[in-house]
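A short write-up of the structure that comes next.
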Amino acid sequence: MTRTPEFLTTVDSCVERILAHAQGDLRVGAPLGLGKPNVLLNAIYARAQQDPALRLTLFTALSLARPQPKADLERRFLEPFLDRQFGRDYPDLAYVTALHAGTLPANVRVHEFYLQSGAMLGVEEIQRHYICLNYTHVARDMHAAGLNVFMQIVAVRNEGGRRRYSLSSNPDITADLMDQVAASGMARPLVVAVVHPDLPFIGNDAEIDAGFFDIILDDTASSHALFALPREPVEIAEFALGLHASTLVRDGGTLQIGIGTLSDALVHALLLRHRRNEDYRFALRALNDGVDAEVTPTAGIGSLAPFECGLYGASEMVMDGFMHLARAGILKRHVYDDHALETALAHGQIAELLTSSAADALHAAGVLPDRIDAPALARLIRFGIVPDAARLSDAGVILPDRALPLDLREPTARAEWNRALDGRRLRNGRYLRGAFFLGSKEFYAWLRNLDGDDFNGLSMTRVSDINQLYGGREALDALQRRDARFFNICMMATALGAAVSDGLEDGQVVSGVGGQYNFVAMAHALDGGRSVLMLRSTRTSRGRVSSNILWNYGHTTIPRHLRDVYVTEYGIADLRGKSDEDCILAMLSISDARFQDELAARAKSAGKLRSDFVVPARWRCNTPEYLARALEPLRSRGGLPQFPFGSDFTAEELELLPALKKLREVSARKADLAVFLLSSVFARGADKAERALLDRLGLSQVRGGREWLLRKLVTHALRSAVKR
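Residue numbers (this note's numbering): 164 to 887.
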């Protein structure tokens, strides 16, 4: 239903309007991540703080928060960076601050279905009220909770005196939620749009009529910087993992990726495969102990060749990686929302650039009917098969330079069409679809500057479409998502193939299920689809190294009956259709050598691995040292830069990072810290270059013994990090 929205220009007037609507019981829904209107949410939270009689319940996810320094040295490094990255005026979410401080008022409750990774561990209020959901079920359960307000930021574009609106970063649940409301016949929540001038305008499914909203708030108070993720460094083990994972991708296929350094490593490897294929193959041979990756057991899943057809992106989250793949000419396979046309493309009957036999192929595929009528002509115009100026008459289809016959049953008629279509290019295809986006400043600038086919080829849409095959277009989705590779990240995995991605065995939630289960299940449902779960084989905590591949664990995100492909820095384990023993062997082969014997012993004691099994000598090479040696030639040629996609840190900050990492490592063990502290005290004073770095931390001139000692520690750490 289209309505006339109420246009407001101050946050305060919007708050009053919302409170009047809710009548003392605010049940507010807001999108995950970037789509939250922080300023408006903070103003509403402030009113609930002031008025204990006002009940506020918030349903949302991924409440983004800037890092909060915990120690003096961390503060000295982070504060200038955070001011530069987010701006001094960035409005942190007040309820997140209160949750961490344990000061959330009794009349306020926050429910999240996905948490910023690790940020809420031990925060009792949010752990108690976390709601465990598949992303695709959020709209349903938000509606069931009886929302009476829904709010999000929107993008605007002014063209020819007309103002256009876009859900931009978050069309994920909004339309699904309103559909749930309409189907139920219940009262519609008050829908509030908050204009953000820097939010990239996205067209297609994200564009929405102003009449969708009840209130449109346009106040300069909401013009703060967008939350931009800092670009992170990638370690050698992560580069190794990305190289292995990239071999699973087929040219002409479909790609889903998440966020984080493992995804960055995968994207970087795909770029190497496309741009520096000889170096790419050399690195893979080195990782595989001289064996060509094309003859490994998993070689048939993907390819090592550069991309000719390119990839189509169908991803819950759209992030920087897709930008880099698009710029490189890898993300270029377009899909079309027409089953017959997509079938012709999938079967190679036509290409996006039509040839002199296109009419025959399109007629055989059913795109060109036996006789052209008005609906058929509209379809041909929509996809660029004929020009916009084409019109229908009794004499035929009239083009600017010719008339074409209406009846295509005869070869002579199709020959005329063949000549007319030769050289035309299909249009209104999509190279990337997603449900929400989040990324760096560079990524947001890229989105803002898209135009022409690049703009039209991106579609942000409902999560119910992206994350599953239901909704009435299953056959078309399956056709478009051919040779799908759905890459997700997990924290741990069991030797029998279960994944731990979102929580700990004591019930504490680290992040959330999100769409991971959906994509794993969808990979099994799609012909040619594969689910790929990526994880580091080990983790280090307080100086102690532990394996992430376990015999068993007291929490599961993905059950073992959905096991498919796992990738670590040591290789690929293809578990689909394998026996339990074969799965154990595959997982052992990608485990760190330090933990293989223990894992094998557990499997033997459970009767799942033959008693005479001996770990092969090749698997004993699964060590960090082996990876470093194998990838050193590529690293030395500039193929594995620490920040493969650039850095948000200054040159001085980049020099400080290894020293800060060194201090964090030695602080994990009291004995190591004591030795390091003693060495620092007796080390020589800082030289000119070191003094410049100390100045960045405010330690060029020290005040008191504490700062003197801190200066000594940092100076010694700078030298120790260089030696390493």
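Note that CB positions come from ideal geometry on N, CA and C, so glycine has one too.
Just so we're clear, the structure is a prediction, and the values are computed from it rather than from any experiment.
Exposed or buried, which one is residue i when buried takes at least 16 other CB atoms within 10 Å?
i      : result
GLY868 : exposed
HIS359 : buried
SER426 : buried
SER700 : buried
HIS306 : buried
GLY463 : exposed
CYS295 : exposed
ALA638 : exposed
ARG394 : buried
LEU817 : exposed
ARG645 : buried
TRP871 : exposed
HIS510 : exposed
ALA583 : buried
GLY770 : exposed
LYS199 : buried
THR813 : exposed
LEU841 : exposed
GLY265 : exposed
MET486 : buried
GLY309 : exposed
GLU761 : exposed
Going along the chain, which residues of its own chain have a beta-carbon closer than 6 Å to the beta-carbon of residue i, five neighbours each way excluded?
i      : result
HIS387 : ASP252, TYR253, PRO254
LEU876 : SER843
ASN311 : ALA185, ARG190, PRO352
ARG859 : GLU815
ARG723 : LEU659, GLY660, ALA661
ASP175 : none
ASN367 : SER622
GLY476 : LEU418, PHE485, LEU494, LEU595
TRP580 : ALA522, LEU567
Strictly by DSSP, which residues pair up with residue i?
i      : result
ALA736 : TYR729
ASP188 : ARG218
GLU370 : SER329
GLY559 : SER556
GLN805 : DSSP lists no partner for GLN805.
MET697 : ILE652, VAL730
ILE712 : ALA656
GLN419 : PHE649
Which same chain residues end up closer than 8 Å to residue i when comparing Cβ atoms and leaving out the 5 residues on each side of it in sequence?
i      : result
ALA884 : PRO821, ALA822, LYS824, LYS825
ALA369 : SER329, LEU330, SER331, PRO334, SER622, MET623, THR624
GLY492 : HIS437, PHE470, GLY473
ALA552 : LEU562, PRO563
ARG326 : VAL319, ARG320, ALA373
Between residue i and residue j, which are expected to be in contact by the criterion C-beta below 8 Å, what is the C-beta distance as a whole number of angstroms?
i      : j      : result
GLY692 : ALA736 : Incorrect: roughly 18 Å between the Cβ atoms, too far for contact.
VAL271 : ALA211 : 5 Å
ASP570 : ASP617 : Contact doesn't hold; Cβ gap of about 38 Å is too wide.
ARG588 : GLU471 : Not confirmed; about 17 Å, so no contact.
GLN419 : PHE649 : 4 Å
PRO363 : TYR607 : 6 Å
ILE652 : MET685 : Not confirmed; about 17 Å, so no contact.
ILE336 : PRO194 : 7 Å
ASP633 : ARG496 : Position check: residue 633 holds Tyr in this sequence, whereas Asp was assumed. So it is not a contact: roughly 24 Å between Cβ atoms.
LEU392 : GLY602 : 6 Å
TYR208 : GLY677 : 25 Å between Cβ atoms; not a contact.
THR410 : LEU488 : Contact flag wrong, Cβ pair sits at about 16 Å.
HIS274 : LEU221 : 7 Å
GLY281 : VAL673 : 6 Å
ASP665 : GLY675 : 5 Å
Skipping 5 residues on each side, what residues in its chain have a beta carbon closer than 7 Å to that of residue i?
i      : result
SER752 : GLY734, ALA736, TRP782
ALA338 : ARG625
ASP455 : ARG448
VAL286 : LEU262, HIS263
ASN715 : THR657
ARG577 : ALA522, ASP523, HIS526, LEU571
**OP:** Could you tell me which uninterrupted alpha helix (DSSP H) segments, each at least 4 residues in length, are contained entirely in the stretch 472–527, listed from first to last along the chain?
**Re:** 483–490, 502–509
Original post:
Unbroken alpha helix (DSSP H) runs of length 4 or more, entirely within the stretch 189–274: which are they?
Top reply: 201–213, 235–249, 257–264
Original post:
Where in the stretch 590–624 do unbroken runs of the beta strand (DSSP E), each at least 3 residues long, occur, reported from the N-terminal end onward?
Top reply: 595–600, 621–623
**OP:** Note down, one range per segment and in chain order, each alpha helix (DSSP H) of at least 4 residues found wholly within the stretch 728–794.
**Re:** 743–752, 759–768
Original post:
Going along the chain, which unbroken runs of the beta strand (DSSP E) with 3 or more residues stay wholly within the stretch 348–414?
Top reply: 353–358, 378–380
Subject >> Within the stretch 667–696, ranges of the alpha helix (DSSP H) (whole runs, at least 4 residues) >> reply: 679–688
Original post:
What are the complete alpha helix (DSSP H) segments, minimum 4 residues, inside the stretch 294–330?
Top reply: 301–307
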